[in-house]
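Worksheet: one structure, shown below.
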Amino acid sequence: MVKVTIDNIDVEVEEGTTILNAARKIGGKIVPPAMCYYSKLAGSGGKCRTCLVKVTQGSDKDPRPMPKLVASCSTPVQNGMIVQNITSPEVLETRKAIVEFLLLNHPLDCPVCDQAGECDLQDLSYNHGSSLTRTEEPRRTFEMIDVGSKIKLHMNRCILCYRCVYTADQITDKRVHGVLERGDRCEIGTYIKNVIDNDFSGNIIDVCPVGALTDMTFRFKSRVWFTNPYDAHRACPKCSGKVVIWLSGNKILRVTGRKDEYGEVEEFICNECRFDKKEMSDWIVEKPRKIKRNSVISQNHYELINKYGSHG
Amino acid sequence: MSIKILFENIDVDGIDSFEVYRKLGGYNSVEKALKNMSPEDIVEEVKKSGLRGRGGAGFPTGMKWSFIDKAPGKSHYLIYNADESEPGTFKDRHLMQYNPHLLIEGLILSCYAIRSNTSYIYIRGELMYVMRILEKAIEEAYANGFLGKNILGTDFSLDIYCHPGAAAYICGEETGLIESLEGKRGNPRLKPPFPALNGLFGFPTIINNVETLATVPWIINNGGEQYAKIGIGKSTGTKLISACGHINKPGVYEIELGLSVEEFIYSDEYCGGIKNGKKLKAVVAGGSSVPILPAELILKTAKGEPRLLSYESLSEGGFETGTMLGSGGFIVMDEDTSIVKNLLTFTRFYRHESCGQCSPCREGTAWMEKILNRIVEGKGNEKDIDLLMDIANNIEGNTICPLGDAAAWPVQSAIKHFRDEFLIKPEIV
Ligand SMILES: Cc1cc2nc3c(=O)[nH]c(=O)nc-3n(C[C@H](O)[C@H](O)[C@H](O)COP(=O)(O)O)c2cc1C
Ligand code: SF4
Ligand code: SF4
Ligand code: FES
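Chains as they are written, first to last, in the numbering used here: chain E, 1 to 312; chain C, 1001 to 1429.
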């Protein structure tokens, strides 16, 4: 076990733990936001840079600070390491800049986006971004495409976190989509209009932190905050069958995996559970699901805006 | 004439053939090393020589080699980084094209030093004709017993493969290169783990620049101490500088480290002065990534000392008033050059070459190019300059690989030294 201090709070973790996971062990406000890291996906992280922190002491043995801000999701802790997240103005300033980069080409179409209300990017911008824009350049745009019959790809909203790519690599037989091109021309694509079609493809919707990949069986049916989530299960031969059903009255509008407070699913589920089981009789309902995540809607930020005219 | 180590025989007719190369003493170092020296001896000589990586970062080569996990029975690789794609840098191509056997000789020694039996030459895709030259030289080396099984009857065996890239600057970054060599998209990897522990196909891997390894034969023939006597201070030996821009004699020069910038630009042995008798305005001294310096700061440091072509002297003054030796691409600009248009060209390059993995580099490079485009059209204002600086500062240090820094430095330095020019509509030149 090694000891590390994050924002003045001590925590002991296994050797090799990343700063982010050490912070998650502490929990609460000092946990850096993570838009690309996903603990269930090997190799993920390092890309979005929202999780950056300042290491003011490297370790007991080598107390020098690290020369620049580091991505907490991919930097292992050392014994005696001292880290600043929300106690460092430099970190907060830089995080603001990262949010600015992520929103630079984003269409800001939350009013018509199914992800609104449970979108990591929306939350991130409210909590860490600036309300002013400094860009006057035209935004990059792409055509919407259907990748398979159940999944809509809305590339304009993608932040290129690569989670859907790792998911397809790691839990499906064969990945047929990926990142095409490079630089700001990067796009998620199925090369020459391939169709993503396998029993677990729907999980790319759950891992997507934004509204780039959405469930076509749910599209525009309801805003998420008007639906009621319940833990439910069924005996499924393909997956654990443990899901969340999202109800409007007695109607199941959609089925998703069970996500924790960091937006990560507890277990991946199969397409049959996700897309085809929409009758109450398909499921054994357990209990209402408490959504622990720190979302815009649950925080009542909208009221704040009304009060102060802006969220500062 | 100053000392020539890499270019000693480069003008000899037929030096690209094994026969001529061998007659002039080529491959002697391999005989010496395999018969009389242990791998550790070679690492020791290279450490003594003070040789530093010529790919840009200047990391001590001997030290790099000593990091590799040499556990017997475990594969490990040496990769020859011949992806040379930095604007302004064209020294490796020259060496490979005209003296290919020197590279192979250097490669054999280096592989022996780290006990690697497989090596890859990762060569820039546009240089197919150079790859053919290397392949022919490799064939000759096999035919003459310097490559393959049991080289010179010893138990050391080595195979070399050439692998062309598909024209991406990012595949010159060592971990982007490894990904590409594995057949994947050339996205740089997160470090740690470093390639010396976990590199190509998950095995310990060393990556070196072409020029770096081509220096090793001379070190083995003459000894590390001899090499360390050449150059100045911690910048030992010679360096290839590819000079271009508004000079009378563009080309690739081998200089002894410590040569003064003034002599390099104005003497007839090197660049031969500024073209058409114009005045020097600015220099990018180490390839497009390093900070640009105005004439007064490239000729003399802020302390008033002559600026020398060495790692230390060029970086004297930090990024406030100094720059870096980088990969040795020396771009000279005369008084008529538009610094802003030149900056736009560089920035366009980085935007094009960013792999797009991390958000600051992917979004920031494109944003900077768009703003610079507006500025060059005469539609910029003070706020745009501040914004540019801010974007560059937000990219710098916040990315996975150094391409982000490389995109930020030219912008920061151009604004620092030539801010006045950003609001003048440049003439078409
Ligand atoms: C974007 C980028 C491009 C690079 N391109 C090259 C290259 O073309 N050739 C090269 O030798 N090193 C290149 N490098 C440096 C390599 O990552 C690596 O440091 C070098 O090959 C190590 O060799 P050395 O120690 O002999 O210098 C590049 C680095 C970056 C960040
Ligand atoms: S589509 Fe979604 S999951 Fe895939 S890279 Fe884009 S943002 Fe990430
Ligand atoms: S800095 Fe740029 S080139 Fe390097 S990994 Fe990030 S996006 Fe790719
Ligand atoms: S979560 Fe760490 S870089 Fe994206």
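By construction, the Cβ of each residue, glycine as well, lies at the ideal position given by its N, Cα and C atoms. All figures in this text were calculated on a predicted structure; none of them were measured in a lab.
Not one heavy atom of ligand 3 lies closer than 7 Å to the C-beta of Q1412(C).
Straight through space, the alpha carbons of G1233(C) and A1285(C) are spaced by roughly 20 Å. Secondary structure in the region 167-220 of chain E: the alpha helix (DSSP H) runs of 4 residues or longer, each lying completely within the stretch, are 203-207 in chain order. Using a CB distance below 9 Å, no part of the region 1203-1229 of chain C faces chain E. Remark: C-beta atoms of G45(E) and S74(E) approach each other more closely than 8 Å. In the DSSP assignment, P89(E) falls within the alpha helix (DSSP H) that extends over P89 to L103.
Close to ligand 3, as judged by a C-beta nearer than 6 Å to any of its heavy atoms, are the residues I1170(C), P1188(C), S1354(C), C1355(C), G1356(C), Q1357(C), C1358(C), C1361(C), R1362(C), T1399(C), I1400(C), C1401(C), L1403(C) and G1404(C), in chain order.
Residues of chain E whose Cβ lies closer than 7 Å to the Cβ of G1397(C) are, in chain order, K68 and L69. L1259(C) is not a Cβ neighbour of S1235(C), given a cutoff of 8 Å. In this model, P1250(C) and P1410(C) are separated by some 22 Å (Cα to Cα).
Proximity of the beta carbon of N1198(C) to ligand 1 is not indicated: no heavy atom of the ligand is located closer than 7 Å. Look at the region 104-168 of chain E and you find these whole runs of alpha helix (DSSP H), each 4 residues long or longer: 120-128.
Shown in chain order are the residues whose CB sits closer than 6 Å to a heavy atom of ligand 4: A34(E), M35(E), C36(E), Y37(E), G45(E), G46(E), K47(E), C48(E), R49(E), T50(E), C51(E), A71(E) and C73(E). DSSP places I284(E) within a strand segment (E or B) once states are collapsed to three. Assignment of D1334(C) by DSSP, reduced to helix, strand and coil, places it in the strand class.
At a C-beta separation below 7 Å, C48(E) has these neighbours in chain C: S1359. For R134(E), a Cβ of chain C is located within less than 8 Å of the residue's own Cβ. One finds E1363 and W1367 in chain C with Cβ atoms closer than 7 Å to the Cβ of L104(E), taken in chain order. Membership of Q1412(C) in the alpha helix (DSSP H) is indicated by the continuous run L1403 to F1418.
For the region 1370-1398 of chain C, the residues whose beta carbon sits under 7 Å from a beta carbon of chain E are, in order, K1370, L1387, N1394, G1397 and N1398. Not a single C-beta of chain C is nearer than 8 Å to the C-beta of R163(E). Taking a contact as a CB-CB distance under 8 Å, the pair F218(E) and L253(E) counts as one, their CB atoms being some 6 Å apart. Proximity to ligand 2 was defined by a C-beta distance below 6 Å to any of its heavy atoms, and the residues meeting it, in sequence along the chain, are C158(E), I159(E), L160(E), C161(E), Y162(E), R163(E), C164(E), I188(E), V207(E), C208(E), P209(E), V210(E), A212(E) and L213(E).
Per DSSP, reduced to three states, the secondary structure at C1111(C) is helical.
Approximately 14 Å separates the beta-carbon atoms of T17(E) and A34(E); this is outside 8 Å, ruling out the contact. The C-beta separation of L1078(C) from I1114(C) comes to about 6 Å, placing the pair in contact by the 8 Å criterion. With a cut-off of 7 Å, the C-beta of N85(E) is classified as distant from ligand 1, since no heavy atom of the ligand falls inside that distance. By the rule that beta-carbons nearer than 8 Å mark a contact, E1173(C) does not touch chain E.
Rounded to whole angstroms, the separation of the alpha carbons of G1378(C) and D1092(C) is 38 Å.
Pairing F1349(C) with S1310(C) gives a Cβ-Cβ distance that is not under 8 Å.
In the three-state DSSP reduction, E1173(C) falls in the coil class, being neither helix nor strand. With fewer than 16 other Cβ atoms from the protein chains shown falling within 10 Å of its own Cβ, D1155(C) counts as exposed. The beta-bridge partner set that DSSP reports for V265(E) consists of K259(E).
At least one C-beta of chain C is nearer than 8 Å to the C-beta of I98(E).
Using a Cβ-Cβ cut-off of 8 Å, G1356(C) is close to L160, V179, E181, R182, G183, D184, R185 and C186 of chain E, given in chain order. With a threshold of 8 Å between beta carbons, E137(E) makes contact with chain C.
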